[in-house]
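Data block below; observations after.
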Amino acid sequence: MTKDILRNFVKAFHRATTLGFIHSLHRSELAAVLLNASKDITSALTSSGFGDRERREHEEPGSVLSLESSVFCSEEHLHDAPLDCLIINVGGRRFLLSQQALSSHPETRLGKLAVSKREAVLELCDDANLVDNEYFFDRSSQMFQYIINYYKTGRLHVMDQLCAMSFLQEIEYWGIDELNIDLCCRDKYFRRKEMSETLDIKRDEDDVENEEEDFAGVLCQNFRQTLWDVLEKPGSSTAARTFGTISMTFVVVSIANMALISLEFGTLDPPLLNALEYICITWFTGEFGLRFLCVKNKCQFMKSVVNLIDILAILPFYITLLVEILYGESTELENVGRIVQVLRLMRSLRMLKLGRHSTGLKSLGMTIAQCYEEVGLLLLFLSVGISIFSALEYAVEHSVHETTFTSVPCAWWWATTSMTTVGYGDIRPDTTAGKIVAFLCILSGILVLALPIAIINDRFSACYFTLKIKEAALRQREALKKLMKNASTDSVINVNLRDIYAKSIMEMLRLRSRERASTRSSGGDEFW
1 MTKDILRNFV KAFHRATTLG FIHSLHRSEL AAVLLNASKD ITSALTSSGF
51 GDRERREHEE PGSVLSLESS VFCSEEHLHD APLDCLIINV GGRRFLLSQQ
101 ALSSHPETRL GKLAVSKREA VLELCDDANL VDNEYFFDRS SQMFQYIINY
151 YKTGRLHVMD QLCAMSFLQE IEYWGIDELN IDLCCRDKYF RRKEMSETLD
201 IKRDEDDVEN EEEDFAGVLC QNFRQTLWDV LEKPGSSTAA RTFGTISMTF
251 VVVSIANMAL ISLEFGTLDP PLLNALEYIC ITWFTGEFGL RFLCVKNKCQ
301 FMKSVVNLID ILAILPFYIT LLVEILYGES TELENVGRIV QVLRLMRSLR
351 MLKLGRHSTG LKSLGMTIAQ CYEEVGLLLL FLSVGISIFS ALEYAVEHSV
401 HETTFTSVPC AWWWATTSMT TVGYGDIRPD TTAGKIVAFL CILSGILVLA
451 LPIAIINDRF SACYFTLKIK EAALRQREAL KKLMKNASTD SVINVNLRDI
501 YAKSIMEMLR LRSRERASTR SSGGDEFW
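No gaps in the numbering here: position 483 of the sequence shown is 483 in the UniProt record's numbering, and each next residue is one more.
See the structure below:
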């Protein structure tokens, strides 16, 4: 009877106190208040005639008035949690953290939670049990292991297996700055983060470019959809693969024809080469025209990089033709011949059309776009080295009889070929001092080129295998779409979906293993 009275009284008093001013008192002070109140009640009951049995129950460790009672702590896994600790429930897992450890980082989410008033608690967590001082968060419990280690040790570490962007989202949610990452993990983390960000940006751009063209509600919908698949998706069908092969053949023939026109062969008639040029231009123009007529959003089509390359491939021919028609017989413009010659040389840009069918060229473009800082750094290093060693070499060699170092610009050319380890040989030092300077120039060039090129090589490898994996995923999607189309027409399906999925997974795993092997062989860190 006595124990029931005391239990109900203390529970009611504890609940009212917790709900009323749990954040106005420190938990140790609150425990002292409750303990003193329970002792006063026990003394009053004892003086009123209650026996020693109630007093023994009061002194037992598991009694309701003991600090180990479930009234003060959760009855579940953390039943022995101290009163100055918070129970943080993250993704169903419960963690115990002291208020002192949390309040030492007041700028973080849990640090604010430790000192917040009751009204602001639910703004910092998803749910809360103020009676048991338990706070619930619908986040990853695996990631929270690193967060709780940060509160306990003050050091934030990152494992290589974690996704850099996912880890960044977690620490931003908990209010921890990424600059708090420990030095041993900071370098790898920021490199992996930069790689993920650049690939995400490129992935977003590719998603916009590769967005499925909507032909709903347009004239000749089925015909335009089929023609678009043939023109833009070389692996979608046999006709598309054939068209892609013919297109690449015309590009190669056009480049070879441009080279042959510049030569003087007696066996080749120039009109024959010109006719071949007209045929190639007709193909390129027709190919571009069909693409332009098929698309629904023509403004977006003209903004695409690959389509701009197609325009640059055919535009010089028409400009050259226009200039020859207007000024071909005129003697007023002396530079017309040079303009025509320059425009004809611009036909070499047609080689860029192969980028539509080549993963390697796409990777090269991605690498240059993403590594512009490293490329600029490489050019800066070379410029500094060329300026220093050309001046030194000119100072040493210019007084020598019949020297080839007649000026500093001539020495620039020598320093450029030496630092890039080309060794052209048209300009060379004659004195011993000049040869020593040349040796230092070549050695500096090797060191300067090795530093940024390793970074560029790693980036190219990552871009290449990312594109290969993307192509495998696109092939899988096209195969599934074809199967769904066949199923919708009630035709007989002789292809197993499980086999297609297994083949695509095996291809992706093969590409992943090749990427890791390439990254390890280049001496770089694994970004994936």
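Backbone N, C-alpha and C define an ideal beta-carbon position, used for all residues, glycine too. These numbers come from a predicted model, not from an experiment.
Tell me the rounded alpha-carbon separation between residue i and residue j.
{"i": "residue 159", "j": "residue 185", "result": "8 Å"}
{"i": "residue 230", "j": "residue 260", "result": "32 Å"}
{"i": "residue 171", "j": "residue 119", "result": "24 Å"}
{"i": "residue 457", "j": "residue 88", "result": "45 Å"}
{"i": "residue 154", "j": "residue 134", "result": "23 Å"}
{"i": "residue 299", "j": "residue 250", "result": "27 Å"}
{"i": "residue 193", "j": "residue 462", "result": "13 Å"}
{"i": "residue 291", "j": "residue 349", "result": "19 Å"}
{"i": "residue 282", "j": "residue 401", "result": "60 Å"}
{"i": "residue 293", "j": "residue 417", "result": "49 Å"}
{"i": "residue 305", "j": "residue 257", "result": "26 Å"}
{"i": "residue 182", "j": "residue 123", "result": "30 Å"}
{"i": "residue 241", "j": "residue 180", "result": "52 Å"}
{"i": "residue 363", "j": "residue 453", "result": "15 Å"}
{"i": "residue 276", "j": "residue 296", "result": "33 Å"}
{"i": "residue 321", "j": "residue 288", "result": "19 Å"}
{"i": "residue 29", "j": "residue 138", "result": "Any reading at residue 29 needs caution, since the residue's pLDDT is 49, under 50, leaving its predicted position unreliable; the model's value is listed next. Their Cα atoms are separated by approximately 31 Å."}
{"i": "residue 64", "j": "residue 145", "result": "A caution first: residue 64 carries a pLDDT of 33, below 50, which makes its placement in the model too unreliable to give a value."}
{"i": "residue 149", "j": "residue 156", "result": "7 Å"}
{"i": "residue 221", "j": "residue 317", "result": "33 Å"}
{"i": "residue 545", "j": "residue 121", "result": "With the chain covering 1 to 528 only, the question about residue 545 has no answer from this structure."}
{"i": "residue 351", "j": "residue 253", "result": "10 Å"}
{"i": "residue 247", "j": "residue 228", "result": "15 Å"}
{"i": "residue 361", "j": "residue 233", "result": "17 Å"}
{"i": "residue 311", "j": "residue 357", "result": "17 Å"}
{"i": "residue 274", "j": "residue 255", "result": "13 Å"}
Which residues share a DSSP beta bridge with residue i?
{"i": "residue 89", "result": "94, 136"}
{"i": "residue 181", "result": "156"}
Check residue i in the structure and name its three-state DSSP category.
{"i": "residue 453", "result": "helix"}
{"i": "residue 68", "result": "Unreliable placement is indicated for residue 68, whose pLDDT of 36 sits below 50; the coordinate value is still reported in the next sentence. Residue state, collapsed to three classes: coil."}
{"i": "residue 84", "result": "coil"}
{"i": "residue 404", "result": "coil"}
{"i": "residue 425", "result": "coil"}
{"i": "residue 529", "result": "No answer is possible for residue 529: the residues shown for the chain start at 1 and end at 528."}
{"i": "residue 193", "result": "helix"}
{"i": "residue 218", "result": "coil"}
{"i": "residue 371", "result": "coil"}
{"i": "residue 385", "result": "helix"}
{"i": "residue 355", "result": "helix"}
{"i": "residue 431", "result": "coil"}
{"i": "residue 234", "result": "coil"}
{"i": "residue 420", "result": "coil"}
{"i": "residue 399", "result": "coil"}
Report yes if the CB atom of residue i is closer than 8 Å to the CB atom of residue j, and no otherwise.
{"i": "residue 115", "j": "residue 98", "result": "no"}
{"i": "residue 445", "j": "residue 397", "result": "no"}
{"i": "residue 411", "j": "residue 394", "result": "yes"}
{"i": "residue 466", "j": "residue 442", "result": "no"}
{"i": "residue 375", "j": "residue 391", "result": "no"}
{"i": "residue 382", "j": "residue 419", "result": "yes"}
{"i": "residue 309", "j": "residue 355", "result": "yes"}
{"i": "residue 91", "j": "residue 140", "result": "yes"}
{"i": "residue 178", "j": "residue 162", "result": "no"}
{"i": "residue 530", "j": "residue 406", "result": "For residue 530 there is no data in the structure shown, the boundaries of the chain being 1 and 528."}
{"i": "residue 235", "j": "residue 475", "result": "yes"}
{"i": "residue 468", "j": "residue 359", "result": "yes"}
{"i": "residue 389", "j": "residue 369", "result": "no"}
{"i": "residue 243", "j": "residue 367", "result": "no"}
{"i": "residue 151", "j": "residue 110", "result": "yes"}
{"i": "residue 586", "j": "residue 448", "result": "Not covered by the structure: residue 586. The range shown for the chain is 1 to 528."}
Let me check you understand the geometry: is the CB of residue i closer than 7 Å to at least one non-hydrogen atom of the ligand FMN?
{"i": "residue 226", "result": "You won't find the ligand FMN in this model; it holds no ligand whatsoever."}
Contiguous beta strand (DSSP E) assignments of at least 3 residues, all confined to the segment 105–179
Taking only runs of at least 3 residues, the beta strand (DSSP E) segments lying wholly in the segment 105–179 are 127–129, 134–137.
Inside the segment 278–325 only - alpha helix (DSSP H) runs reaching at least 4 residues:
298–303
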